[in-house]
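Chemist:
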Amino acid sequence: MMQQVALGLLTSSVAVEGTSRLIVDIAMYFGLFLIVAMALNFQYGNAGIPNMGCAVQVIMGGFTVSAITTRLILTLVGNAGVELLPWASDYDWVYNNPANVATTNTWLSTEPVFGMSMLLFTLAVALILGAIIGWIIALPAIRLRATYLMIVLITMADASQIVGRNVTWISGGTLGLFIPDIFKWYSGDRTIVMAIITLLVGLISFFIFRTMLNSPYGRLMRSIRENEITVGSVGKNVVGIRRNILMFASGITALSGSLLAFYFSYVVEANYQRALWTYWPWLMLILGGPGNNAGTFLGCALIIAVRRIIIVQKWFLQEVFFFPVAYFEQVLLGILLIAVIMFRPNGLIPEKLLYIPGVNYTMMVQEEVEVDWRGTTTVQRGFSSGIKGIFNVLGGKKSKEEKE
Amino acid sequence: MLIPAIWMASLVYASELTLLSIGFTLTYLTAKIPNFAHGTYAGVGIYVSYTFSKIFGLSPYLGFPLAFILGGLISVVIYILVIKVLQGLGGGAIVLTISTLAIQIFLTAGIQIYAFWLRAKYGTYALLFLLKDFDFRIAGFPGIFAVSMILTVFCVVVLHYMLTRTKMGIAMRSTAEDPELASVLGININRIQIFSWFLTGGMACLAGAMIPLWFMSTPTTGAMIITSIMAGSLLGGFENVYGAVIGGIVVGISEIMLTTWGQELLGAWVGEWRPLIPMFFLVAVLLIEPRGLQGGWERMVASDTGQSILKSIGLLKEEQLA
Chain U
1 MMQQVALGLL TSSVAVEGTS RLIVDIAMYF GLFLIVAMAL NFQYGNAGIP
51 NMGCAVQVIM GGFTVSAITT RLILTLVGNA GVELLPWASD YDWVYNNPAN
101 VATTNTWLST EPVFGMSMLL FTLAVALILG AIIGWIIALP AIRLRATYLM
151 IVLITMADAS QIVGRNVTWI SGGTLGLFIP DIFKWYSGDR TIVMAIITLL
201 VGLISFFIFR TMLNSPYGRL MRSIRENEIT VGSVGKNVVG IRRNILMFAS
251 GITALSGSLL AFYFSYVVEA NYQRALWTYW PWLMLILGGP GNNAGTFLGC
301 ALIIAVRRII IVQKWFLQEV FFFPVAYFEQ VLLGILLIAV IMFRPNGLIP
351 EKLLYIPGVN YTMMVQEEVE VDWRGTTTVQ RGFSSGIKGI FNVLGGKKSK
401 EEKE
Chain Z
405 MLIPAIWMAS LVYASELTLL SIGFTLTYLT AKIPNFAHGT YAGVGIYVSY
455 TFSKIFGLSP YLGFPLAFIL GGLISVVIYI LVIKVLQGLG GGAIVLTIST
505 LAIQIFLTAG IQIYAFWLRA KYGTYALLFL LKDFDFRIAG FPGIFAVSMI
555 LTVFCVVVLH YMLTRTKMGI AMRSTAEDPE LASVLGININ RIQIFSWFLT
605 GGMACLAGAM IPLWFMSTPT TGAMIITSIM AGSLLGGFEN VYGAVIGGIV
655 VGISEIMLTT WGQELLGAWV GEWRPLIPMF FLVAVLLIEP RGLQGGWERM
705 VASDTGQSIL KSIGLLKEEQ LA
């Protein structure tokens with residue numbers, strides 16, 4: 001049944017509508033926000049860097065598509081012998097954009113390899129530019145206290161939008177810019193392919209982050225979060241490590257901006273608002289559980305599903321309210337954020353100990369590790385203690401209390 | 405008129421920003437968090453003025469006392485319901501800051517909803533407005549020019565008197581310095597906190613009530629102005645009320661004057677980049693001297709050349725060094 005539906009979606013040549021449309025939409029946004037939320041979990045949940053400037057990195061991905069990829073495609077298509085209107089000056093760049101994109105799309109409809117290579121090229125450039133943005137952000141702010149860092153990053157998110165609005169050659173200013181459709185060769189709906197690709201990128205980045213967190217570097221990150229002075233005292237370059245983390249996570253975050261641009265085939269700065277790309281990922285992170293990958297995954301899925309359904313069904317809600325539903329969404333965001341912080345400060349799935357290969361860390365800690373500084377303490381390890389550990393887990397707190 | 409309109413605009417804006425920056429700094433001193441909702445109190449004040457002038461048909465100045473009390477009450481409610489609870493649960497600076505961001509989103513949405521309610525109920529357009537018509541004139545000057553400056557100077561003088569001469573102010577300062585030690589001395593920290601949140605909220609809402617009398621206002625004005633407030637507060641050193649006065653004036657005047665001069669010299673496109681000026685202040689202060697003017701002053705007092713310069717101006721006396 002599901003296979004038939006999936007095949008039907010993939011092979012149909014008409015635009016998807018109705019419930020299928022909603023499913024594609026949710027899948028797309030889930031992929032996008034999974035990237036952003038996981039990067040945020042990487043930075044805040046594990047390294048303790050409160051990155052309130054996710055929107056800057058996301059908008060960088062969008063600008064990559066509009067300013068670099070579109071130019072490259074137009075140049076290559078022009079070299080291939082297709083007649084294009086002039087696009088060199090700022091005015092021509094915006095004014096002739098729809099006509100040029102339409103001409104390019106007809107040419108692209110027979111070039112699947114070209115389209116896919118453009119997608120890969122964009123993702124690579126977005127990764128690099130995002131990392132550069134992370135480095136620039138880190139320059140003034142990384143040595144500062146957490147609250148100063150938050151202030152600077154929030155204002156930077158606004159600054160990036162102002163740049164996008166006023167520098168025409170980046171993304172066409174307030175009018176926005178159409179993007180050549182690199183999936184023109186696909187006969188069906190472009191958005192389905194885009195949703196699948198985004199989901200794939202999201203899952204790949206999820207596993208990359210997961211692997212990194214369980215590596216020695218992940219333990220280093222957590223130790224910086226807990227006490228950076230101690231980490232510095234054993235010879236680690238704390239500022240350098242925090243900058244590297246910010247750069248890596250920024251690069252990954254920028255991918256989501258590029259994918260969104262291809263999904264809409266259109267880039268405008270208003271798509272990359274601070275509220276959408278910073279506060280909602282923070283809500284996902286805090287709801288799911290900071291420091292827990294599975295928690296972030298769950299929080300992301302829950303929030304995206306609820307939010308997309310509200311947006312799609314907003315005409316039914318609009319009859320109830322006298323004001324636009326968008327503000328109801330903001331009220332919901334504010335209340336949810338405070339409620340989660342108050343009543344479930346550890347999120348739906350609280351943080352767990354990291355997985356270290358070779359050491360059964362979980363069971364070791366389930367055993368009472370009596371750290372007694374006065375004398376010798378035997379920390380039991382091995383198979384038998386593991387069995388005991390399992391019983392302790394099954395028994396929960398009771399067994400511990402009985403022993404005491 | 406002797407004073408050009410653009411200078412009047414920048415002075416009005418600077419005095420409003422000074423009031424807001426003082427409040428922001430006071431909150432940072434007592435609660436140790438940057439309150440992102442501080443600008444939104446000003447948004448509430450804007451709509452108090454709007455309601456008084458457009459709905460009740462009265463002078464917006466009559467709404468100022470109500471704006472002060474309303475802002476104070478909102479601030480106290482936020483403190484009791486959110487900040488105090490989170491502090492009791494052991495929330496750190498980051499968690500508290502995120503909660504103020506959430507309050508900012510919530511309050512801004514509330515203001516938007518109120519504006520739409522006004523439209524539905526009274527049929528007035530409350531989403532973009534200017535209340536210059538409701539202003540009076542003193543000797544050819546718009547009333548708000550005199551009122552805003554007098555109110556700000558009054559607030560600063562009263563605050564200075566209160567912080568240095570009254571028991572309440574000294575208790576506030578000691579609570580900001582070390583809450584536990586203050587409570588040992590018999591100071592009711594909770595009452596002091598509530599008082600200081602009331603004061604900051606009231607001042608912010610009062611400053612907001614003055615905004616639509618000169619500047620174009622929308623429901624999001626309060627949320628947008630927070631960058632300027634933080635720039636002014638950070639320039640003053642973030643932990644010094646007097647620094648916030650200087651910072652607010654400098655950022656307020658330069659925000660309007662630099663934009664105007666830029667528009668005259670380079671062209672009209674500079675106007676769009678106005679929000680970048682406070683951001684420039686923020687980044688510049690953080691790069692050069694993260695502790696702002698206060699840090700700069702301390703550095704000057706510590707060095708020999710700085711001391712000789714200050715002595716020659718007359719700012720530093722011999723007995724202060726001892």
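Chains as they are written, first to last, in our numbering: chain U, 1 to 404; chain Z, 405 to 726. Note that the Cβ used here is the ideal one computed from N, Cα and C, for glycine as well.
#1: Tell me where the alpha helix (DSSP H) around U:P216 begins and ends.
#2: Quick check on the DSSP output: the alpha helix (DSSP H) that includes U:R71 runs from which residue to which?
#3: Given that U:L153 touches chain Z, what residues does it touch there, using C-beta distances under 7 angstroms?
#4: Going by the DSSP bridge assignment, what does Z:R541 pair with across the sheet?
#5: Considering only the beta carbon of each residue, do U:P281 and U:L149 sit closer than 8 angstroms?
#6: Which residue marks the beginning of the alpha helix (DSSP H) containing U:R344, and which one marks its end?
#7: Distance check for U:I182 and U:T278, CA to CA, integer angstroms please.
#8: Would you please verify whether the beta carbon of U:L337 is less than 8 angstroms from any beta carbon of chain Z?
#9: Taking the C-alpha atoms as reference points, what is the distance between Z:L603 and Z:L639?
#10: Quick check on the burial criterion: 16 or more other C-beta atoms within 10 angstroms. Buried or exposed for Z:E420?
#11: Just checking: is the beta-carbon of Z:P438 within a distance shorter than 8 angstroms of some beta-carbon in chain U?
#12: State the DSSP-derived secondary structure class of Z:Y798, mapped to helix, strand or coil.
#13: Kindly indicate which residue of U:P216, U:I154, U:A195, U:L144 has the alpha-carbon position closest to the one of Z:T690.
#14: When you compare the CB of U:D158 with every CB in chain Z, is at least one pair closer than 8 angstroms?
#15: Roughly how many whole angstroms lie between the Cα atoms of U:W93 and U:L337?
#16: Is it buried or exposed for U:M156, if we count other Cβ within 10 angstroms and need 16 for buried?
#17: Are the beta-carbon atoms belonging to Z:S425 and Z:A648 less than 8 angstroms from one another?
#18: Roughly how many angstroms lie between the CA atoms of U:S160 and U:F262, to the nearest whole one?
#19: Counting only Cβ-Cβ distances shorter than 8 angstroms, please list the residues of the region 273 to 295 of chain U near chain B, keeping chain order.
#20: If you check the beta carbons only, do U:G218 and U:N292 fall under 8 angstroms apart?
#21: Please return the same chain residues whose Cβ sits closer than 7 angstroms to the Cβ of Z:V486, not counting the five positions on each side in sequence.
#22: According to DSSP, is U:V320 helix, strand or coil?
#23: Is U:L276 helix, strand or coil by DSSP?
#24: Identify the residues that DSSP records as bridge partners of U:F178: which are they?
#25: For Z:G476, collect the residues of the same chain with a Cβ closer than 6 angstroms to its Cβ; drop the 5 residues on either side in sequence, then sort them by chain order.
#26: On the premise that U:I252 lies in contact with U:S205, defined as a C-beta separation below 8 angstroms, what is that separation, rounded to the nearest angstrom?
#27: Which residues does DSSP pair with Z:S621 in a beta bridge?
#28: To the nearest angstrom, how far is the alpha carbon of Z:I598 from that of Z:L430?
#29: Suppose the cutoff is 6 angstroms on Cβ atoms and the five residues either side in sequence are ignored; what does the same chain contact list for U:S405 look like?
#30: Determine, using beta-carbon pairs with one atom in the region 107 to 126 of chain U and one in the region 50 to 70 of chain U, whether at least three such pairs fall under 8 angstroms.
#31: Just curious, the alpha helix (DSSP H) that U:S65 is in, first and last residue?
#32: Using the beta-carbon of each residue, which ones in chain U are nearer than 9 angstroms to Z:Q516?
#33: Can you give the Cα-Cα distance for Z:A635 and U:T168, rounded to whole angstroms?
#34: Let me make sure I understand the geometry here. Which of Z:A530, Z:G547, Z:L531, Z:L532 has the alpha-carbon closest to that of Z:F376?
#35: Give me the residue from U:T103, U:T64, U:N96 with the minimum Cα distance to U:V82.
#36: Helix, strand or coil for Z:G447 per DSSP?
Modeler: Concretely, from the data shown:
#1: Reading the first sequence from its first residue, position 216 is the one you call residue 216 of chain U. Taken as a continuous stretch (DSSP letters only), the alpha helix (DSSP H) holding U:P216 covers 216 to 226.
#2: Within the first sequence, the letter at position 71 stands for residue 71 of chain U. Residues 70 to 79.
#3: Locating residue 153 of chain U in the first sequence gives position 153, where the first residue counts as 1. Result: empty, since nearest Cβ-Cβ is about 11 angstroms, beyond 7 angstroms.
#4: For the purposes of this step, residue 541 of chain Z is identified with residue 137 of the second sequence, where counting begins at 1. According to DSSP, which records beta bridges pairwise, Z:R541 is partnered with Z:P546.
#5: Within the first sequence, numbered from 1, the residue matching residue 281 of chain U stands at position 281. Within the first sequence, numbered from 1, the residue matching residue 149 of chain U stands at position 149. No, the pair does not count as a contact, with Cβ atoms beyond the cut-off.
#6: Taking the first sequence and counting its residues from 1, the one referred to as residue 344 of chain U is at position 344. Note, U:R344: premise wrong, no alpha helix (DSSP H); not H, not E.
#7: What you label residue 278 of chain U is simply residue 278 of the first sequence in a count that begins at 1. What you label residue 182 of chain U is simply residue 182 of the first sequence in a count that begins at 1. Roughly 28 angstroms between the two C-alpha positions.
#8: Here residue 337 of chain U corresponds to residue number 337 of the first sequence, with the count starting at 1. Chain Z contact via Cβ: present.
#9: Within the second sequence, numbered from 1, the residue matching residue 603 of chain Z stands at position 199. Within the second sequence, numbered from 1, the residue matching residue 639 of chain Z stands at position 235. Rounded to the nearest whole angstrom, the C-alpha separation of Z:L603 and Z:L639 is 22 angstroms.
#10: Taking the second sequence and counting its residues from 1, the one referred to as residue 420 of chain Z is at position 16. Looking at its Cβ environment, which holds 16 or more other Cβ atoms inside 10 Å, Z:E420 is buried.
#11: Along the second sequence, read from residue 1 onward, the residue named residue 438 of chain Z stands at position 34. True, the Cβ-Cβ gap to chain U drops below 8 angstroms.
#12: The displayed coordinates of chain Z run from 405 to 726. Any statement about residue 798 of chain Z would go beyond what the structure contains.
#13: One-based indexing of the second sequence puts residue 690 of chain Z at position 286. Per the sequence shown, the amino acid found at residue 690 of chain Z is Leu instead of Thr. For Z:L690, the closest of U:P216, U:I154, U:A195, U:L144 by C-alpha to C-alpha distance is U:L144.
#14: Along the first sequence, one-based indexing puts residue 158 of chain U at 158. So yes, U:D158 belongs to the interface.
#15: Translated into the one-based positions of the first sequence, residue 93 of chain U becomes position 93. Translated into the one-based positions of the first sequence, residue 337 of chain U becomes position 337. U:W93 and U:L337 have their C-alpha atoms roughly 42 angstroms apart.
#16: Within the first sequence, residue 156 of chain U is the residue found at index 156, counting from 1. Under this definition U:M156 is a buried residue.
#17: Indexing the second sequence from 1 puts residue 425 of chain Z at position 21. Indexing the second sequence from 1 puts residue 648 of chain Z at position 244. Inclusion of Z:S425 and Z:A648 in the CB contact set at 8 angstroms is warranted, their separation being smaller than that value.
#18: Taking the first residue of the first sequence as position 1, residue 160 of chain U is located at position 160. Taking the first residue of the first sequence as position 1, residue 262 of chain U is located at position 262. Near 20 angstroms, if we compare the C-alpha coordinates of U:F262 and U:S160.
#19: Of the protein chains in the structure, U and Z, none is chain B.
#20: The residue labelled residue 218 of chain U in the question sits at position 218 within the first sequence. The residue labelled residue 292 of chain U in the question sits at position 292 within the first sequence. Cβ distance not < 8 angstroms, so U:G218 and U:N292 don't count as in contact.
#21: Taking the first residue of the second sequence as 1, we reach residue 486 of chain Z at position 82. Once the five neighbours on either side are set aside, the close Cβ partners of Z:V486 are S503, I507.
#22: Taking the first residue of the first sequence as position 1, residue 320 of chain U is located at position 320. Taken through DSSP and simplified to helix, strand or coil, U:V320 comes out as coil.
#23: Against the first sequence, residue 276 of chain U aligns to sequence position 276. If DSSP states are grouped into helix, strand and coil, U:L276 belongs with the helices.
#24: Here residue 178 of chain U is taken as the residue at index 178 of the first sequence, counted from 1. Bridge partners of U:F178: U:Y266.
#25: Counting from one through the second sequence, the residue named residue 476 of chain Z turns up at place 72. Closer than 6 angstroms at the Cβ level, and outside the excluded window around Z:G476, lie F602, G605, G606.
#26: In the first sequence, residue 205 of chain U corresponds to position 205, counting from 1. In the first sequence, residue 252 of chain U corresponds to position 252, counting from 1. Here U:S205 really is in contact with U:I252; their C-beta atoms are around 5 angstroms apart, less than 8 angstroms.
#27: Start at 1 with the first residue of the second sequence, and residue 621 of chain Z comes out as number 217. Beta-bridge annotation (DSSP): Z:S621 is paired with Z:F533.
#28: Taking the second sequence and counting its residues from 1, the one referred to as residue 598 of chain Z is at position 194. Taking the second sequence and counting its residues from 1, the one referred to as residue 430 of chain Z is at position 26. Approximately 12 angstroms between the Cα atoms of the pair.
#29: Because residue 405 of chain U is not part of the residues shown, which for chain U are 1 to 404, the question remains open.
#30: Three or more beta-carbon pairs separated by less than 8 angstroms link the region 107 to 126 of chain U to the region 50 to 70 of chain U, which places the two stretches in contact.
#31: Here residue 65 of chain U refers to the residue found at position 65 when the first sequence is read from its first residue. First, the amino acid is wrong: residue 65 of chain U is Val here, not Ser. Taken as a continuous stretch (DSSP letters only), U:V65 belongs to no alpha helix (DSSP H), as it is neither H nor E.
#32: Numbered from 1 along the second sequence, position 112 holds the residue referred to as residue 516 of chain Z. Near Z:Q516 (Cβ distances below 9 angstroms), the residues of chain U are F323, P324, A326, Y327, Q330.
#33: The sequence position of residue 635 of chain Z within the second sequence is 231, counting from 1. The sequence position of residue 168 of chain U within the first sequence is 168, counting from 1. Linking Z:A635 to U:T168 through their CA atoms gives a straight-line distance of about 28 angstroms.
#34: Limits of chain Z in this structure are 405 at one end and 726 at the other, which puts residue 376 of chain Z out of reach.
#35: Working through the first sequence from its first residue, we reach residue 82 of chain U at position 82. Measuring from the Cα of U:V82, the nearest candidate turns out to be U:T103.
#36: Reading the second sequence from its first residue, position 43 is the one you call residue 447 of chain Z. It is helical.
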